[in-house]
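Residue numbers (this note's numbering), protein chains in the order written: chain D, 7 to 562; chain U, 1294 to 1473.
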């Protein structure tokens, strides 16, 4: 407890069990009365504890903490650990473990957590002696939050939880084998500046690294000085305000049309804190071959991993961006920026308008997202589940304020949305809106219990089309319309909301949508807004998997 | 279709913490790359272990593997080399039937020709040892095997030191200590 306190932990998401009972017993005193320094949020499933910790971390910028027992409690966290690894989210999972004397005996609820967590975590460690607690916990938080953040797993043997020893606080902020912040290479910065100063059609790709490095202002200064249009990855959506004049939209398979095509026309491509995911690049053999590539990243192993770079600047972008900006000439790329507009207009006419302002037929996902985006207060945090709900929500939501997006990008974890939104509400007083499909809603539906108990003010928007919509879309497009197990029979969500005592409203008619959204936003505490959605709505535009980004389709 | 593969040697230095070998081999497993040989021992730097790993790979893949290994928190340094950048040694042990060795003097001549040593003789078996590069050790095995006298044969993992003039790992650690 004292080790967690020393790391500034305020909120713990957890679920008790046999092997973690000593910690829970101590926690009892630290969550009430004079000694109170933590809030413990009892979730309903350990996976949800990790996603809640992720949501908390993403919005607050601090380390999220999940506390669980050994065996199944520990293995249930693995999806969240893998998710946090792919999305560079700082969380620390503390799991109970059987006493070291019982290790390897197949004791009750024993599992080799460190063994299974190692490939999917930034660091995993077994605490075997009480004397190691202070060191291991401090090291865990340092590793989770420093450099490129990520999940750390602590496997806490039961004997180490109960042994008596003289407490000695320890603070780890240096590990000789781990270079959290690589030294900026000034030669590389000069070379990058040279390329940008001579560029006629520069394009920046902004990733979550900018948010993680807290370099949103440095990014703006960089883009504005050299007048560089910038696309954002899904996780980087709020790294640059969506109403900024140099923002040219979202990258990727379902991103904006112009920026995807312009990746194939730019002469210098500047990737900042992003990792060239296959969902962004499409076919690597044809991706941005005409461009000189500059890659700014804190993680050396990202350089040349997917896209070969001409200049790599390996450093914290908080440091590298200002260094680069200082060497840039003021520039004007008016004509180049204007060339995006015609494509934007095509997308607006063919895709956006029909999606957000349809006039007939059942409700569409885009219009629901738009209705919420138009009415939600400035700075609302968008949380999404995975699938069409995620793609529509991220496309049509607005991000004027930094750290406003929680979504499972790398792992694509269905069931992420609801618990991540719970975590987000504990990190901020801003409104938290969570878009989910009927599939993902049911994948962590048990967390309605947590929402009820905590009265966590999650505004849940359930986009119900009775389909696993994204898979259904792919089946229609690439699998001869054979809808194999994507149609779903759903429960009566009104009854479910009632069971949990959560305010609920259903919308089927377009004319009721605005009022329902307003009611949701005006209600204190949680709310479920169920929207009956066009069953076979498709997310567009789309670059089919493995195709070239310039083959993006505006219509099917 | 596949790019031409080459045998690379990785030299990895890590802290002496349980479970690192697992993390290193997992990087290979994830890409379904087989480790050809592996040697782990304490290095000349106190508290630091040295791993010498060989694997068939191509330049692009081996670079990614090396970066992923070096990314592990407790790995101090990882570098990959081709054979021309290293001094390389391996050892071979050959357990031969003493009866055969006595019957056929050609066997002893072969052992001497390969610059190998007989390190133990008893009425049942004779142990021969050879240090050298992989090819020579295998060549000796093939030569002895042709006489039908080999009872057991084993070849060690590779050990290697770099031909470079700078001791990168010590320099790195010194630099880190200065800044830490």
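Even glycine gets a Cβ: it sits at the ideal position worked out from N, Cα and C. Note that the structure is a prediction, hence the values are computed from the model and not measured.
query: Does the beta-carbon of residue 1402 of chain U have 16 or more other beta-carbons within 10 angstroms, so that it is buried, or is it exposed?
result: For the purposes of this step, residue 1402 of chain U is taken as the residue at position 109 of the second chain. Under this definition residue 1402 of chain U is an exposed residue.
- request: Verify whether the separation of the beta carbon atoms of residue 1370 of chain U and residue 1462 of chain U is less than 7 Å.
  value: One-based indexing of the second chain puts residue 1370 of chain U at position 77. One-based indexing of the second chain puts residue 1462 of chain U at position 169. In contact: residue 1370 of chain U and residue 1462 of chain U (Cβ atoms closer than 7 Å).
query: What is the rounded straight-line gap between the Cα of residue 558 of chain D and the Cα of residue 261 of chain D?
result: The residue you call residue 558 of chain D lines up with position 552 of the first chain. The residue you call residue 261 of chain D lines up with position 255 of the first chain. In a straight line, the C-alpha of residue 558 of chain D is about 9 Å away from that of residue 261 of chain D.
- request: Sort D/452, D/539 and D/426 by Cα distance to residue 469 of chain D and report the nearest one.
  value: Position 463 of the first chain, counted from the start, is the residue given in the question as residue 469 of chain D. A check of alpha carbon separations from residue 469 of chain D across D/452, D/539 and D/426 identifies D/539 as the nearest.
field: For residue 1355 of chain U, the nearest candidate out of U/1449, U/1398 and U/1304 (CA to CA)
entry: As a working note, residue 1355 of chain U is residue 62 in the second chain. Checked all of U/1449, U/1398 and U/1304; the closest Cα to residue 1355 of chain U is U/1304.
Where the alpha helix (DSSP H) containing residue 460 of chain D begins and where it ends: Counting from 1 along the first chain, the entry for residue 460 of chain D is found at position 454. Note, residue 460 of chain D: alpha helix (DSSP H), 454-460.
message: I'd like to know if residue 1352 of chain U contacts chain D, where contact means its C-beta is closer than 7 Å to some C-beta of that chain.
response: Numbered from its first residue, the second chain carries residue 1352 of chain U at position 59. So no, residue 1352 of chain U is outside the interface.
task: Assign residue 1451 of chain U to one of two classes, buried (16 or more other C-beta atoms within 10 Å of its C-beta) or exposed (fewer than that).
output: Looking up residue 1451 of chain U in the second chain gives position 158. Looking at its Cβ environment, which holds 16 or more other Cβ atoms inside 10 Å, residue 1451 of chain U is buried.
task: Would you kindly check if the distance between the Cβ of residue 87 of chain D and the Cβ of residue 15 of chain D is under 7 Å?
output: On the first chain, position 9 is the one that residue 15 of chain D refers to. On the first chain, position 81 is the one that residue 87 of chain D refers to. Cβ atoms of residue 15 of chain D and residue 87 of chain D: not closer than 7 Å.
field: Local conformation of residue 1294 of chain U per DSSP, three classes
entry: As a working mapping, residue 1294 of chain U is identified with position 1 in the second chain. Note that residue 1294 of chain U scores 43 on pLDDT, short of 50, meaning its location in the model is unreliable; the coordinates nonetheless yield the value given after this. Here residue 1294 of chain U sits in coil by DSSP.
message: Per the DSSP calculation, residue 45 of chain D is bridged to which residue(s)?
response: Here residue 45 of chain D corresponds to residue number 39 of the first chain, with the count starting at 1. Bridge partners of residue 45 of chain D: D/17.
message: Could you compute how far the alpha carbon of residue 445 of chain D sits from the alpha carbon of residue 477 of chain D?
response: Residue numbering aside, residue 445 of chain D sits at position 439 when the first chain is read from its first letter. Residue numbering aside, residue 477 of chain D sits at position 471 when the first chain is read from its first letter. In a straight line, the C-alpha of residue 445 of chain D is about 11 Å away from that of residue 477 of chain D.
message: Quick check: the Cα distance between residue 1374 of chain U and residue 1363 of chain U, rounded to an integer number of angstroms?
response: As a working mapping, residue 1374 of chain U is identified with position 81 in the second chain. As a working mapping, residue 1363 of chain U is identified with position 70 in the second chain. Straight-line Cα distance between these residues: approximately 15 Å.
- prompt: So residue 527 of chain D is in the alpha helix (DSSP H); what residue range does that whole segment cover?
  reply: Your numbering for residue 527 of chain D matches position 521 in the first chain. Counting along the chain, the alpha helix (DSSP H) containing residue 527 of chain D begins and ends at 516-528.
- prompt: Exposed or buried, which one is residue 1383 of chain U when buried takes at least 16 other CB atoms within 10 Å?
  reply: As a working note, residue 1383 of chain U is residue 90 in the second chain. The residue is buried, with at least 16 neighbouring Cβ atoms inside 10 Å.
- request: Compute the Euclidean distance between the alpha carbons of residue 1469 of chain U and residue 182 of chain D, then round it to the nearest angstrom.
  value: In the second chain, residue 1469 of chain U corresponds to position 176, counting from 1. In the first chain, residue 182 of chain D corresponds to position 176, counting from 1. Cα to Cα, the separation comes out at about 6 Å.
- prompt: How would you label residue 1313 of chain U, buried or exposed, when you count the other beta carbons within 10 angstroms and need 16 or more for buried?
  reply: Residue 1313 of chain U sits at position 20 when you count from the first residue of the second chain. Result: buried.
- prompt: Considering residue 1420 of chain U, what are the terminal residues of the alpha helix (DSSP H) in which it resides?
  reply: Numbered from its first residue, the second chain carries residue 1420 of chain U at position 127. Premise fails: residue 1420 of chain U lies in the beta strand (DSSP E), 1418-1425, not in any alpha helix (DSSP H).
- prompt: Using a C-beta to C-beta distance shorter than 7 Å, which residues of chain D count as neighbours of residue 1360 of chain U?
  reply: To locate residue 1360 of chain U, count along the second chain from 1; it is residue 67. By Cβ distance, chain D contributes 306 and 307.
- request: Indicate whether the contact test is met: 3 or more Cβ pairs, each with one atom in the segment 159-175 of chain D and one in the segment 33-49 of chain D, closer than 8 Å.
  value: No, because fewer than three Cβ pairs between the segment 159-175 of chain D and the segment 33-49 of chain D fall closer than 8 Å, the two stretches do not touch.
field: According to DSSP, residues forming a beta bridge with residue 1386 of chain U
entry: Residue numbering aside, residue 1386 of chain U sits at position 93 when the second chain is read from its first letter. In DSSP, residue 1386 of chain U forms a bridge with U/1422 and U/1447.
query: Buried or exposed: where does residue 517 of chain D fall if 16 or more other Cβ atoms within 10 Å of its Cβ makes it buried?
result: Position 511 of the first chain, counted from the start, is the residue given in the question as residue 517 of chain D. Flag for residue 517 of chain D reads exposed.
query: chain U partners of residue 295 of chain D, CB-CB under 8 Å?
result: Translated into the one-based positions of the first chain, residue 295 of chain D becomes position 289. Residues of chain U passing the Cβ test: none, with the nearest at roughly 17 Å.
query: Are the C-beta of residue 1294 of chain U and some C-beta of chain D separated by less than 7 Å?
result: To locate residue 1294 of chain U, count along the second chain from 1; it is residue 1. Confidence at residue 1294 of chain U is low in this model, with a pLDDT of 43, below 50, so its placement is unreliable and the value that follows should be read with caution. Output row for residue 1294 of chain U: interface = no.
Backbone secondary structure at residue 559 of chain D - three-state DSSP: Locating residue 559 of chain D in the first chain gives position 553, where the first residue counts as 1. Strand at residue 559 of chain D.
field: Contact set for residue 384 of chain D: own chain, Cβ-Cβ below 6 Å, skip 5 residues either direction
entry: Position 378 of the first chain holds residue 384 of chain D. Answer for residue 384 of chain D: 406, listed in chain order.
query: When you compare only the Cα positions, how much space is there between residue 106 of chain D and residue 119 of chain D?
result: Walking along the first chain from the start, residue 106 of chain D turns up at place 100. Walking along the first chain from the start, residue 119 of chain D turns up at place 113. Each residue's alpha carbon lies about 13 Å from the other.
query: Any beta-carbon of chain D closer than 7 Å to the one on residue 1343 of chain U?
result: Taking the first residue of the second chain as position 1, residue 1343 of chain U is located at position 50. Judged by the 7 Å Cβ criterion, residue 1343 of chain U is not in contact with chain D.
- prompt: Per DSSP, which one or two residues make a beta bridge with residue 238 of chain D?
  reply: The residue labelled residue 238 of chain D in the question sits at position 232 within the first chain. Paired residues: D/212 and D/256.
field: Pairwise C-alpha distance: residue 556 of chain D and residue 241 of chain D
entry: Counting from 1 along the first chain, the entry for residue 241 of chain D is found at position 235. Counting from 1 along the first chain, the entry for residue 556 of chain D is found at position 550. Between residue 241 of chain D and residue 556 of chain D, the C-alpha separation is close to 22 Å.
task: Could you name the residues of the same chain whose beta carbon sits closer than 7 Å to that of residue 215 of chain D, not counting the 5 residues immediately before and after it, in chain order?
output: As a working mapping, residue 215 of chain D is identified with position 209 in the first chain. Closer than 7 Å at Cβ, skipping near neighbours: 278, 279, 280, 303, 304 and 323.
- prompt: Residues in its own chain within less than 6 Å of residue 408 of chain D by CB, not counting five upstream and five downstream?
  reply: Translated into the one-based positions of the first chain, residue 408 of chain D becomes position 402. Correct list, in chain order: 222 and 244.
Same chain, Cβ closer than 6 Å to residue 178 of chain D, neighbours up to 5 away in sequence not counted: Mapped onto the first chain, residue 178 of chain D falls at position 172. Once the five neighbours on either side are set aside, the close Cβ partners of residue 178 of chain D are 144, 145 and 148.
Contact with chain D by residue 1308 of chain U, beta-carbon distance below 7 Å: Residue mapping note: residue 1308 of chain U aligns to position 15 of the second chain, counting from 1. Interface residue, yes.
field: For residue 504 of chain D, the first and last residue of its enclosing alpha helix (DSSP H)
entry: Looking up residue 504 of chain D in the first chain gives position 498. Run containing residue 504 of chain D: 499-506, per the alpha helix (DSSP H) assignment.
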